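> In UniProt numbering, the protein residues as written are 1 to 377. No residue lacks a Cβ here, since even glycine has one placed at the ideal position from N, Cα and C. Note that the structure is predicted; figures quoted are calculated from it, not measured. This is the structure I have questions about; it appears just below.
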C-alpha cells in the first residue's frame, strides 16, 4: 500500500484587510460591469460602440492592476495594501463616469475627460505616497501632540483629495462657486502645515541616529595578553585561550603548558616563583654550613686522638683535622657550587700534617690499641 506523498502547504496571507481589499476589487469590477450594461441598454445610441469598447479596456486594466496589487500585498503593510486597492477602485469609478456621462456638445471632450482621468489617478497615487512617507515620520517621535497633528493632517488630506476628485469628475455638471475654491485652498494650507510640523518636531526632539561610517576599517586582531610587565606572554590553555589565572597567581594552571618555554626558563616549572631571579636559589646555600657545625665533633676521631697529648706539635694539628671528617662531604654533597670554599679549607690542616707523619701512638706496654688510620681524603 503506497503512502500518500507529503504535500507542502503554500504560504497564504491570512490578513483580513488584504483579503477584504481583494474581494472589494472583485465586487467593484462586477458592479462597474453591471452599470455599464445598464447604460448600454437604456442609454442613447450616440457613440454606444465606442463607449462599450472603452469600458472593456477600463475593466481589463483594472483587473490587471488588481492582480498586481494582490501579488504585492504580502510584501506591504496591511493598511497600505488596503489603501492602494481603494485608490484604484476610486479610479475605476471615476473612469466609468467619464465614459458614460453625456457630452455637453464641446469639441475634444473625449480628450479632456481622458486627461482628467489621468489627473485623478495621479492625485490618488500622490496622496498614497504622502501617507507612506508621512506615517513612518510620525512614528519616529510619538507624543500626544504629534499624534493629534498626524490624525488632523490625514483628515485634511482626505478632504482635499475628495474635493479635487469631485471637481475633476463633474467639472461640467455642477457649478462650483467661490466658497468651494476657498475651502479647497484652506485644506491645502492645513495639509501642508501638518506635513511640515512632523519633520520639524523630529529634528528638534527625536533621538538622533548614530551615523554609520562609510568606509568601515577592519579591526586589528587583539594582541596576546601579557603579565603585568607588559612583555612576558601569558601561557595558553589546551583550548588555545590565555590562562588568565596565571596573570593573578603567577603560576600556570596547566604545568605542561609552561614547560616548552625557552631554555633560560627550564627551571620555571619546578620553581615558577624563582624563575625570574635565579640568585634566590643560592640564598639558602650559605646556611648549609651552619647545621654542619654540630656534626664537626665526631665521636670516633676525637676519642682516637684525645689521649695523644704526647707533644704540643701533634696536639695542634688534631683540631683542624676534625672538619675533614667524612660527615662534612656527606653534608655538602647536595649543596650547590657555592660550597666550593668549604673544601678549600681542607688543605689547610693537611699542610701542618705534611711536615711529619700523621700522629701514631707510641709503643706502650698494651695500654690501649693503636689509633685507626685516617679515612682517605
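Rounded to whole angstroms, what's the CA-CA distance from residue 135 to residue 169? Just pull it up for me.
Their Cα atoms are separated by approximately 29 angstroms.
> If I'm right that residue 152 touches residue 202 with Cβ under 8 angstroms, what's the distance once you round it to whole angstroms?
Their Cβ separation, rounded to whole angstroms, is 17 angstroms, which puts residue 152 and residue 202 out of contact at 8 angstroms.
> Does DSSP put residue 66 in a helix, a strand or coil?
helix
> As a quick exercise: from 231, 230 and 226, pick the residue whose alpha carbon is nearest that of residue 244.
226
> Whole-angstrom Cβ separation of residue 132 and residue 164, contact assumed at under 8 angstroms?
About 19 angstroms separates the two Cβ atoms, so there is no contact after all.
> Give the straight-line distance between the Cα atoms of residue 57 and residue 196, rounded to the nearest whole angstrom.
40 angstroms
> For residue 39, which residues of its own chain have a beta-carbon under 7 angstroms away from its beta-carbon, when the five flanking residues on both sides are left out?
100
> Please list the segments of the beta strand (DSSP E) lying wholly inside the segment 163-207, counting only runs of 3 or more residues, in order along the chain.
none
> Among residues of its own chain, excluding the 5 on either side of residue 20, which ones have a beta-carbon nearer than 6 angstroms to its beta-carbon?
none
> Roughly how many angstroms separate the alpha carbons of residue 129 and residue 103, rounded to a whole number?
34 angstroms
> Just the C-alpha distance for residue 29 and residue 174, rounded to the nearest angstrom, thanks.
27 angstroms
> Is the beta carbon of residue 91 sitting closer than 8 angstroms to the one on residue 36?
Not in contact: residue 91 and residue 36 (Cβ atoms no closer than 8 angstroms).
> Using the C-alpha atoms, what's the distance from residue 87 back to residue 77?
Rounded to the nearest whole angstrom, the CA to CA distance from residue 77 to residue 87 is 16 angstroms.
> Helix, strand or coil for residue 255? Go by DSSP, reduced to three states.
Here residue 255 sits in helix by DSSP.
> Where do the N-terminal and C-terminal ends of the alpha helix (DSSP H) with residue 142 fall, by residue?
It is not in any alpha helix (DSSP H) - residue 142 carries neither H nor E in the DSSP assignment.
> DSSP state of residue 236, grouped into three classes?
strand
> Can you tell which of 193, 167, 199 and 171 has the C-alpha that lies nearest to the C-alpha of residue 184?
167
> To the nearest angstrom, how far is it from the Cα of residue 242 to the Cα of residue 234?
If you take the alpha carbons of residue 242 and residue 234, they lie about 6 angstroms apart.
> Quick check: what's the CA-CA separation for residue 238 versus residue 253?
Distance between the alpha carbons of residue 238 and residue 253 is about 10 angstroms.
> Who are the Cβ neighbours of residue 180 in its own chain at under 8 angstroms, not counting the five residues just before and after it?
163 and 167
> What are the boundary residues of the alpha helix (DSSP H) that residue 98 is part of?
78-100
> To the nearest whole angstrom, what separates the beta carbons of residue 381 and residue 194, a pair I think is in contact under 8 angstroms?
Here the chain comprises residues numbered 1 to 377, so residue 381 is not present and cannot be evaluated.
> For residue 231, which residues from the same chain have a beta carbon less than 6 angstroms from its beta carbon, with the 5 sequence-adjacent residues on both sides left out?
So no residue of the chain qualifies.
> Once the 5 residues before and after residue 159 are set aside, which same chain residues still bring their CB inside 6 angstroms of it?
187
> Give me the Cα-Cα distance between residue 68 and residue 127, rounded to the nearest whole angstrom.
20 angstroms
> According to DSSP, is residue 242 part of a helix, a strand, or is it coil?
Strand, per DSSP.
> Between residue 140 and the rest of its own chain, which residues show a CB-CB distance below 8 angstroms, the 5 nearest in sequence each way excluded?
202 and 206
> From residue 200 to residue 247, what distance separates their C-alpha atoms?
55 angstroms
> Rounded to the nearest angstrom, what separates residue 110 and residue 117 at their Cα positions?
11 angstroms
> So, is residue 147 buried or exposed, given that buried needs 16 or more other C-beta atoms within 10 angstroms?
exposed
> Using a Cβ-Cβ cutoff of less than 6 angstroms, which residues in the same chain neighbour residue 22 once the five nearest sequence positions on both sides are dropped?
70
> Buried or exposed: where does residue 328 fall if 16 or more other Cβ atoms within 10 Å of its Cβ makes it buried?
For residue 328, the predicted model reports a pLDDT of 48, less than 50, meaning its position is unreliable; a value from the coordinates is still stated below. The residue is buried, with at least 16 neighbouring Cβ atoms inside 10 Å.
> For the candidate residues 89, 115 and 236, whose alpha-carbon lies nearest to that of residue 61?
89
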